[in-house]
Amino acid sequence: MTDIDGARLLESLRTLRTFGARDAGVVRPTYSDVDMAARRWLVETMIAAGLDAQIDGIGNVIGRSPNPGPAVVLGSHSDTQPEGGWLDGAMGVMYAIEVARALLADPDTAHLAVDVAAWADEEGTYASALGSHSFVGEITEAHLAAANAEGETVAEALERVGLVGVDPIRLEPDRHVAYLEAHIEQGPHLEASGNRIGVVTGIVGIAGATVRFRGEQNHAGTTPMPIRKDAAAALFEFGVHVRARFAQVAGPVSVWTIGNLGVHPGAESIVPGEAWCQVQYRDASADVMERFADTLAALVAEFDTTGPCAVSMERGDKGMAPVTMDATIVRAIGAAAERRIPDAWVEMPSGAGHDANTFAPHIPSGMLFIPSIGGVSHDFAEDSHDDDIVLGCQVFADAVVSHLDSL
Ligand code: HGY
Ligand code: MN
Ligand code: MN
Numbered sequence: 058m059t060d061i062d063g064a065r066l067l068e069s070l071r072t073l074r075t076f077g078a079r080d081a082g083v084v085r086p087t088y089s090d091v092d093m094a095a096r097r098w099l100v101e102t103m104i105a106a107g108l109d110a111q112i113d114g115i116g117n118v119i120g121r122s123p124n125p126g127p128a129v130v131l132g133s134h135s136d137t138q139p140e141g142g143w144l145d146g147a148m149g150v151m152y153a154i155e156v157a158r159a160l161l162a163d164p165d166t167a168h169l170a171v172d173v174a175a176w177a178d179e180e181g182t183y184a185s186a187l188g189s190h191s192f193v194g195e196i197t198e199a200h201l202a203a204a205n206a207e208g209e210t211v212a213e214a215l216e217r218v219g220l221v222g223v224d225p226i227r228l229e230p231d232r233h234v235a236y237l238e239a240h241i242e243q244g245p246h247l248e249a250s251g252n253r254i255g256v257v258t259g260i261v262g263i264a265g266a267t268v269r270f271r272g273e274q275n276h277a278g279t280t281p282m283p284i285r286k287d288a289a290a291a292l293f294e295f296g297v298h299v300r301a302r303f304a305q306v307a308g309p310v311s312v313w314t315i316g317n318l319g320v321h322p323g324a325e326s327i328v329p330g331e332a333w334c335q336v337q338y339r340d341a342s343a344d345v346m347e348r349f350a351d352t353l354a355a356l357v358a359e360f361d362t363t364g365p366c367a368v369s370m371e372r373g374d375k376g377m378a379p380v381t382m383d384a385t386i387v388r389a390i391g392a393a394a395e396r397r398i399p400d401a402w403v404e405m406p407s408g409a410g411h412d413a414n415t416f417a418p419h420i421p422s423g424m425l426f427i428p429s430i431g432g433v434s435h436d437f438a439e440d441s442h443d444d445d446i447v448l449g450c451q452v453f454a455d456a457v458v459s460h461l462d463s464l
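The working numbering applies: residue 58 is where the sequence shown begins, and numbers increase by one.
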């Protein structure tokens, strides 16, 4: 089996971390100056690894092997959450480059075709999994009109960063036979069970909505409680009902979050006339996702007809459908883990969404996880142990070689 270079991998990860470094984490939102600088560095790094690399028209960094297919596509995203960890996405990108480089340098595997990618906007600064959707040809006008929190659309951002007129690079059905992505688990299960590798069997779906409350702005001292139309009070009561109702329709791995909310005008002596919150829910089953959607819509209608405020809902556009990983690739990753660390690996679902959600309906796809320290992610404190990072890349390389050799 081909050995990866663990020291080189860790060094490259620590270099990528410097683009947008904040405390122990990273702030590298899509199309920001640091994101584009990181993408230019990734082009150079992919070229040094022996690949033909460029930034495409949506911002994906694609490194193409000099070898003819069949080829696997390895990658992940290089953008981050507003408060991101240094490994979320970045680790899968650097694994992909390290595996491609190691295989090209080894005479036994130098003929294998490994194309690599750093996807744009998996985290949904504008439109989640934007880059991988572009690669599989699913970009719509709605994607280009999607805006970040400052109101800049994808189309305007592409203009600003100089990508208008640059062609997007697409999946090649005659060349690409599989997509594999390595990622940190972002949860507690591997560390808690003492396993060092997770072999992903399926990935949850993600959906949600923005719920708006419209009442009457008024004086916080002179407005008697019985006649108030307090939008914030309606929001808080709604949140309590979401918890109770969702628990009644949830499945065993369901999760839901109200992670963003606001009131207007936001002054302590003013009864808020407006309030809003974003409700997000996830599950591995499309049926359970449907139950959540119906439950949320029914709750909004109930609050709108019975409460003092008008309540409405706009469905989110950053969802992902639940997907199943390809059984052959699951077996290849599991066999590679068993060879390196017998009995210290486990098959498991992913509670986080990934670019693999985009690929699974198009080509056989698989994912490998390594443990997250304390299960923490989407936080500057996100981290993993160096030996787990290096082991994960080695198992990933072994799985890629065995999968390509099996074709
Ligand atoms: O939210 C997610 O699951 C992914 O990290 N964007
Ligand atoms: Mn993430
Ligand atoms: Mn991620």
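The beta carbon of each residue, even a glycine, is placed where N, CA and C say it ideally should be.
With C-beta atoms as the reference, is residue i less than 7 Å away from residue j?
i, j, result
"residue 273", "residue 364", "no"
"residue 415", "residue 168", "no"
"residue 308", "residue 351", "no"
"residue 434", "residue 243", "yes"
"residue 293", "residue 368", "no"
"residue 336", "residue 289", "no"
"residue 423", "residue 370", "no"
"residue 172", "residue 133", "no"
"residue 343", "residue 380", "no"
"residue 406", "residue 259", "yes"
"residue 220", "residue 146", "no"
"residue 240", "residue 149", "yes"
"residue 99", "residue 175", "yes"
"residue 218", "residue 137", "no"
"residue 236", "residue 130", "yes"
"residue 253", "residue 455", "no"
"residue 396", "residue 356", "no"
Does residue i pass the burial test, meaning 16 or more other C-beta atoms within 10 Å, or should it be called exposed?
i, result
"residue 464", "exposed"
"residue 93", "buried"
"residue 180", "buried"
"residue 449", "buried"
"residue 207", "exposed"
"residue 297", "exposed"
"residue 128", "buried"
"residue 505", "For residue 505 there is no data in the structure shown, the boundaries of the chain being 58 and 464."
"residue 412", "buried"
"residue 326", "exposed"
"residue 81", "exposed"
"residue 102", "buried"
"residue 198", "exposed"
"residue 282", "exposed"
"residue 332", "buried"
Give a single yes or no on whether residue i has its beta carbon closer than 6 Å to a heavy atom of ligand 4.
i, result
"residue 409", "Here the bound small molecules are ligand 1, ligand 2 and ligand 3; ligand 4 is not part of this structure."
In whole angstroms, what separates the C-alpha of residue i from that of residue j?
i, j, result
"residue 429", "residue 361", "42 Å"
"residue 182", "residue 142", "15 Å"
"residue 295", "residue 135", "36 Å"
"residue 438", "residue 345", "32 Å"
"residue 226", "residue 88", "18 Å"
"residue 228", "residue 192", "6 Å"
"residue 117", "residue 257", "24 Å"
"residue 251", "residue 453", "19 Å"
"residue 90", "residue 97", "11 Å"
"residue 425", "residue 366", "47 Å"
"residue 313", "residue 161", "44 Å"
"residue 110", "residue 316", "37 Å"
"residue 105", "residue 157", "11 Å"
"residue 389", "residue 204", "39 Å"
"residue 211", "residue 144", "25 Å"
"residue 324", "residue 119", "48 Å"
"residue 384", "residue 64", "32 Å"
"residue 125", "residue 62", "25 Å"
"residue 85", "residue 108", "24 Å"
"residue 159", "residue 187", "29 Å"
"residue 74", "residue 436", "14 Å"
"residue 216", "residue 230", "30 Å"
"residue 349", "residue 318", "19 Å"
"residue 459", "residue 153", "16 Å"
If you compare alpha carbons, which of the options is closest to residue i?
i, options, result
"residue 376", "119, 265, 207", "265"
"residue 404", "394, 413, 412", "394"
"residue 276", "287, 187, 268, 270", "287"
"residue 409", "246, 220, 107", "246"
"residue 299", "353, 348, 188, 233", "353"
"residue 178", "131, 387, 201, 440", "201"
"residue 378", "79, 185, 224", "185"
"residue 165", "59, 68, 78", "59"
"residue 68", "285, 443, 196", "443"
Let me see if you follow: with CB-CB separation under 7 Å, is residue i close to chain C or not?
i, result
"residue 259", "Absent here is chain C; the protein component of the structure consists of one chain."
Start-end ranges of the beta strand (DSSP E) lying completely within the stretch 230–310, minimum 3 residues: 233–241, 254–260, 262–271
Ranges of the beta strand (DSSP E) found wholly within the stretch 394–431, counting only runs of at least 3: Those beta strand (DSSP E) runs which fall completely within the stretch 394–431 and span 3+ residues are 402–407, 422–427.
Length at least 3, wholly inside the stretch 322–358: the beta strand (DSSP E) runs in chain order: 331–340
4 or more residues per run - each alpha helix (DSSP H) lying fully within the stretch 59–90: 63–74
Contained beta strand (DSSP E) runs [length at least 3] in the stretch 85–127, N- to C-terminal order: 109–112, 118–121
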